[in-house]
Amino acid sequence: MGNLALAFLLTLIAGLSTGIGGAIAFFTKSTNKRFLSLSLGFSAGVMVYVSMTELLTEAGASLTKGLGKSVGGWVGIAAFFGGMLLIALIDRCVPDEENPHEVKLVLEEQHEPKKLLRIGAMTALAIGIHNFPEGLATFVSALQSPEVAIPIVAAIAIHNIPEGIAVSVPIFQATGSRKKAFAYSFISGLAEPIGALIGWLVLMPFLNETLFGIVFAMVAGIMVFISFDELLPAAREYGEHHLSIYGLISGMVIMAVSLQLF
Numbered sequence: 001m002g003n004l005a006l007a008f009l010l011t012l013i014a015g016l017s018t019g020i021g022g023a024i025a026f027f028t029k030s031t032n033k034r035f036l037s038l039s040l041g042f043s044a045g046v047m048v049y050v051s052m053t054e055l056l057t058e059a060g061a062s063l064t065k066g067l068g069k070s071v072g073g074w075v076g077i078a079a080f081f082g083g084m085l086l087i088a089l090i091d092r093c094v095p096d097e098e099n100p101h102e103v104k105l106v107l108e109e110q111h112e113p114k115k116l117l118r119i120g121a122m123t124a125l126a127i128g129i130h131n132f133p134e135g136l137a138t139f140v141s142a143l144q145s146p147e148v149a150i151p152i153v154a155a156i157a158i159h160n161i162p163e164g165i166a167v168s169v170p171i172f173q174a175t176g177s178r179k180k181a182f183a184y185s186f187i188s189g190l191a192e193p194i195g196a197l198i199g200w201l202v203l204m205p206f207l208n209e210t211l212f213g214i215v216f217a218m219v220a221g222i223m224v225f226i227s228f229d230e231l232l233p234a235a236r237e238y239g240e241h242h243l244s245i246y247g248l249i250s251g252m253v254i255m256a257v258s259l260q261l262f
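Under the numbering used here, the first residue of the sequence shown carries the number 1, and numbering increases by one thereafter.
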């Protein structure tokens, strides 16, 4: 029960970080795009390094115990790329104009209020859809290995902050209500703990070494896809190209050192 509560708490923290982005959007006059670029690159570095060195290692060990080395290895490969396929399909189901990966932050431009309100609402819905599998991934990771889940939570929290901004800015500009802007961004983040609960209820009767291994490999695939499809392009968009790479490498270095020390 202790691990279960910790796993849910970590998932809740990751999801509700969209509320931080919602608060930043109307408490500051402008967004520090250089810092945002570094942060997104850093988040990508953490995700890629943890996925390739920790999650896939854990997945391989679990699948070997459950299925044997040869079969377990092939199942791990299929699950890894299956995770990428899953998040890519979810991405494709959301129209480009309402996809949080495609929506640009509306910071200075003036647009029609109704259009801005629709952009904000649809972005909140799209982010909720994307956060659902992230919540399950975070929850299962934390349940099996909290020390691996903590850096994943930090990375997801970092990349959820600009998503919160993407929701709250158009809502605030359309309605003039700080409460509504914050509420929309906050609620969109609830999809992660909801995803965790639903996933737990569905998977709980079937959890074993093989299923843990499959989920870990899929989580790794999801994290790598998000890093290359969302975080790095966004990091380059908000800052100089080199800043995103510096952030990426910094995330990998800090993650490597912390895993070695702890």
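Backbone N, C-alpha and C define an ideal beta-carbon position, used for all residues, glycine too.
Do HIS241 and the ligand PLP come close, with the Cβ less than 6 Å from some heavy atom?
No copy of the ligand PLP occurs in the structure displayed, which carries no ligand at all.
As assigned by DSSP and simplified to three states, the class of ILE245:
ILE245: helix per DSSP, three-state reduction.
Take SER17 and list the residues in its own chain whose beta-carbon comes closer than 8 Å to its own, dropping the five residues that flank it on each side.
Counting only residues of its own chain and dropping the five nearest sequence neighbours on each side, SER17 has a CB closer than 8 Å to the CB of ILE156, ALA157, ILE158, ASN160, ILE161, GLY164 and GLY189.
C-beta contact flag for LEU63 and GLY76 at 7 Å
Yes; because the gap between Cβ atoms is below 7 Å, this pair is in contact.
Is SER177 closer than 7 Å to GLY19 when the C-beta atoms are compared?
Not a contact, by the Cβ cut-off of 7 Å.
Since SER143 and LEU4 should fall inside the 8 Å C-beta cutoff, what is the C-beta to C-beta distance between them, to a whole number of angstroms?
Note that residue 143 is Leu in the sequence shown, not Ser. In this structure, LEU143 and LEU4 form a Cβ contact; the two beta carbons are roughly 7 Å apart against a cut-off of 8 Å.
Alpha carbon to alpha carbon, what distance is there between PHE228 and GLU109?
Low local confidence applies: a pLDDT of 45 at GLU109 is under 50, so the model's placement there is unreliable, with the coordinate-based value given in what follows. Rounded to whole angstroms, the gap between the alpha carbons of GLU109 and PHE228 is 28 Å.
When burial is assigned at 16 or more other CB atoms within 10 Å of the CB, is HIS242 buried or exposed?
That one is exposed.
Delimiting residues of the alpha helix (DSSP H) encompassing MET84:
Looking at the DSSP string, the run of the alpha helix (DSSP H) that includes MET84 is 69-92.
Looking at SER168: is its Cβ nearer than 7 Å to the Cβ of ALA149?
No, Cβ-Cβ distance for SER168 and ALA149 is not below 7 Å.
Return helix, strand or coil for GLY176, following the three-state DSSP convention.
Coil, per DSSP.
Would MET252 pass as a contact of TYR49 if the rule is Cβ separation under 7 Å?
Yes; because the gap between Cβ atoms is below 7 Å, this pair is in contact.
Considering just the uninterrupted stretch of the alpha helix (DSSP H) at PRO193, what are its terminal residues?
191-203 is the span of the alpha helix (DSSP H), which, as asked, contains PRO193.
Which residue's Cα is closest to the Cα of GLY72: ILE214, GLU134, THR175 and GLY195?
Measuring from the Cα of GLY72, the nearest candidate turns out to be ILE214.
Less than 8 Å between the CB atoms is what I'm expecting for LEU40 and ALA235, so what's the real figure, rounded?
Taking a contact as a CB-CB distance under 8 Å, the pair LEU40 and ALA235 counts as one, their CB atoms being some 4 Å apart.
Going by beta carbon distance, what residues of the same chain come within less than 7 Å of GLY135, once the five residues before and after it are set aside?
Only THR11, GLY15, ALA191, GLU192, PRO193, ILE194, GLY195 and ALA196 meet the Cβ criterion.
Between the CA atoms of GLY45 and SER250 - distance to the nearest angstrom
So the alpha carbons of these two residues sit roughly 7 Å apart.
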